[in-house]
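The sequence shown maps to residues 1 to 220 in the numbering used here. Built from N, CA and C at the ideal position, the CB exists for glycine as well. Just so it is clear, the structure is predicted and the values come from calculations on it, not from any experiment.
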Amino acid sequence: MKKILSIGLLGVLIMSLVDGLIQPGYLTKSIIKIMLFLIIPLILNYLEGDWKIGDYLRLKDKKSFYQSLLLGVCVYGLIMGVYFLIGPYINLNLIKSELLKELGVSRGNFLLVALYISFVNSLLEEFFFRGFLFLGLLEKTTRKRAYILSSLLFAIYHIAVLDSWFNPYLFILAMTGLFTGGLIFNYLNEKNKSILNSWIVHMMANFAINHIGLMMFQIV
Numbered sequence: 001m002k003k004i005l006s007i008g009l010l011g012v013l014i015m016s017l018v019d020g021l022i023q024p025g026y027l028t029k030s031i032i033k034i035m036l037f038l039i040i041p042l043i044l045n046y047l048e049g050d051w052k053i054g055d056y057l058r059l060k061d062k063k064s065f066y067q068s069l070l071l072g073v074c075v076y077g078l079i080m081g082v083y084f085l086i087g088p089y090i091n092l093n094l095i096k097s098e099l100l101k102e103l104g105v106s107r108g109n110f111l112l113v114a115l116y117i118s119f120v121n122s123l124l125e126e127f128f129f130r131g132f133l134f135l136g137l138l139e140k141t142t143r144k145r146a147y148i149l150s151s152l153l154f155a156i157y158h159i160a161v162l163d164s165w166f167n168p169y170l171f172i173l174a175m176t177g178l179f180t181g182g183l184i185f186n187y188l189n190e191k192n193k194s195i196l197n198s199w200i201v202h203m204m205a206n207f208a209i210n211h212i213g214l215m216m217f218q219i220v
């Protein structure tokens, strides 16, 4: 448990420093994240030899797959609905300037970034937070502790990204939603010991967020 939790804390801490202080371009940030969220857990798996990563990537139950797909569609609709409800309170110009300043993301490259975020980045985060952390902790500590710790780290990981985007009330709402989302993702994966169920929902959530981004950049 200590090794898994230590790597989880280290990964979140370093990514927070990268997002909040170093602020490299998106490509550099992605390479660092791949090292922390994928390569290091794979090395630990190789050294320990008791964590079967391949099992976390298998589709074990078609029924749960379709349920996750339906849930993902609902999440997409919910995010879009919330956006149209609170959109007037979000400073889109500030978000655009922050994306350009901190990550080098602009109207010209947003579509490519959106595709990466939806498919690759979502899988990377699910692998780390739901596979390595939650399912890994589930085998080594109590169910309650595995749920809380992995969901809390998932929410904390997003602090450096979101802290300048919203006013304090919307920020607290976003963080609460991320923690709750982490709990839900864990629940989706617990039965089958697979990250594919939560990845589907995560992708759909990213589709909605990127849809908003496409509208923000006036691409659609």
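For L78, the closest alpha carbon among the candidates N206, M216, F217 and M215 is that of N206. Cβ-Cβ distances below 8 angstroms link Q218 to R107 in the same chain, with the five nearest sequence neighbours on each side left out; the list follows chain order. Here the alpha carbon of E190 sits roughly 11 angstroms from the alpha carbon of E139. Look at D61 here: in three-state DSSP terms it is coil, with no helix or strand label. In the DSSP assignment, H158 falls outside any alpha helix (DSSP H), carrying neither H nor E. Counted as a single uninterrupted DSSP element, the alpha helix (DSSP H) harbouring N45 occupies residues I40 to E48. The alpha-carbon separation between P24 and Y56 amounts to approximately 31 angstroms. Distance from the CA atom of L42 to the CA atom of K29, rounded to whole angstroms, is 19 angstroms. In this chain, V105 is not harboured by any alpha helix (DSSP H), its DSSP state being neither H nor E. Within its own chain, the residues whose Cβ lies closer than 6 angstroms to the Cβ of G131, once the five positions on either side in sequence are excluded, are Y56 and I195, listed in chain order. DSSP places K193 outside both helix and strand once states are collapsed to three, so it counts as coil.
Looking at G20, I31, L47 and M35, the one whose alpha-carbon comes closest to that of G8 is M35.
By the Cβ neighbour-count rule, V75 is buried, with 16 or more other Cβ atoms within 10 Å of its own.
Selection N121, F119, L170 and L115 evaluated against L214 yields L115 as nearest (Cα-Cα).
Going by beta carbons, L133 and H158 fall outside the 8 angstroms limit.
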